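For the first sequence, position 104 matches number 107 in our numbering, and the numbering has no gaps at all.
To keep things clear, I will list the structure first and then write my remarks on it.
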Amino acid sequence: MPELPEVESAVRRLRRAMIGKSIARVEVFHPSLRRRVSRHRLRSLTGARVRAVDRRGKHQLIMLDDGRTLHAHFRMTGDWHVDRADDALPRFARAAVTFDDGSRVVLDDPRALSTLDVHPAGASLDLGLGPEPGDASLTADSLHEVLAKRRGPIKPALLDQRLIAGLGNIYAAEALWHARLSPTVAANTLARRQVGAMLRAIRRVIDRATGARYTDSSVSRLAVYDREGKPCRRCRTPIKRIVQAGRSTYYCPHCQR
DNA sequence: ATAGGCCTGGAC
DNA sequence: GTCCAGGCCTAT
């Protein structure tokens, strides 16, 4: 489920599901998660109470009252499934947190690329993230400045979480379409006002999607993503698909230059 | 800056 | 079977 808007809605659901509750047990079912978190560390979570749930970029930080942090990242296909401890586990359950009131939050992830980590109390964790799209510190000037150091195309630059936290492959393409910018233009050749238009487009796209889930119908409303060969919603020119840095980029060859 | 790997399912 | 997938890390 994962770009900033979907992670934000996941975090909101987590807050409702776990704040103030005490952990009865944490289980992991998939070998790749077992390799990450020791049995001992999982056991040590029993009894901890959830104080807060925060989001930074696409990262989810479950803050415990003992100062430790349970850190989740959905990668490609993770999501939370909230249910009761005696319900049948979902098909792709990879981990589960059960609370002392019998409620449960399950990490549901077909591809099992999600990560789960436990950070000790007082640890300063560096997620390597730039400002959130909504941060006031992110301005056309500041973005123009960091992009001036990049010689590569703008679209892969937008996926670099060190520049802006939370943008992913879908919304990067959508924002460039709204700003009428070609995904292949070198980042350092963008004029200040083009960067300004792009930043406004990023904020628009993220704001509009925030709180939504990633569903078939939300995808069908997108301007360019996954619309190869379909008419541009502005000019009817067929949308093109190219590959940049190993990822698909969709854009309108006519109105994005 | 770009392949390859991590994982698995779904579309073709 | 082959290709593709919302992310991100590592090695080249």
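Glycine included, every Cβ here is placed at the ideal spot set by N, Cα and C.
Every value quoted in this text rests on a predicted model; they were computed, and no experiment measured them.
Selected residue, minimal CA-CA separation from residue i, among the options
i: Pro256; options: Arg250, Pro5, Ala248 and Arg239; result: Arg239
i: Gly23; options: Tyr254, Gly50 and Leu132; result: Gly50
i: Ile173; options: Ala75, Ile209 and Gly155; result: Ile209
i: Arg207; options: Ala190, Leu48, Ala226 and Ala189; result: Ala226
i: Glu30; options: Met21, Ser127, Arg44 and Arg19; result: Arg44
i: Arg211; options: Val85, His181 and Gly105; result: His181
i: Gly125; options: Leu67, Ala99 and Arg244; result: Leu67
i: Arg224; options: Arg19, Glu177, Pro93 and Thr101; result: Glu177
i: Pro93; options: Asp103, Phe102 and Arg107; result: Arg107
Status (buried if at least 16 other CB within 10 Å, exposed otherwise) for residue i
i: Lys158; result: buried
i: Ser12; result: buried
i: Asp112; result: buried
i: Val109; result: buried
i: Thr192; result: exposed
Proximity below 8 angstroms, CB of residue i to CB of residue j
i: Arg165; j: Thr118; result: no
i: Asp229; j: Tyr253; result: yes
i: Leu7; j: Gly81; result: no
i: Ala189; j: Gly155; result: yes
i: Ala175; j: Leu162; result: yes
i: Asp120; j: His74; result: yes
i: Ile205; j: Pro123; result: no
Whole-angstrom distance between residue j and residue i, CA atom to CA atom
i: Asp69; j: Arg52; result: 8 angstroms
i: Asp90; j: Leu36; result: 22 angstroms
i: Thr72; j: Arg58; result: 12 angstroms
i: Gln259; j: Cys235; result: 11 angstroms
i: His62; j: Ala194; result: 31 angstroms
i: Arg38; j: Arg250; result: 28 angstroms
i: Ala96; j: Gly131; result: 28 angstroms
i: Leu48; j: Glu231; result: 47 angstroms
i: Arg42; j: Leu170; result: 34 angstroms
i: Phe32; j: Arg16; result: 22 angstroms
i: Thr142; j: Val85; result: 38 angstroms
With a floor of 3 residues, list each beta strand (DSSP E) that falls wholly inside the region 27-107, ordered by position along the chain.
53-59, 62-67, 72-76, 82-87 and 96-102
3 or more residues per run - each beta strand (DSSP E) lying fully within the region 116-144:
118-122
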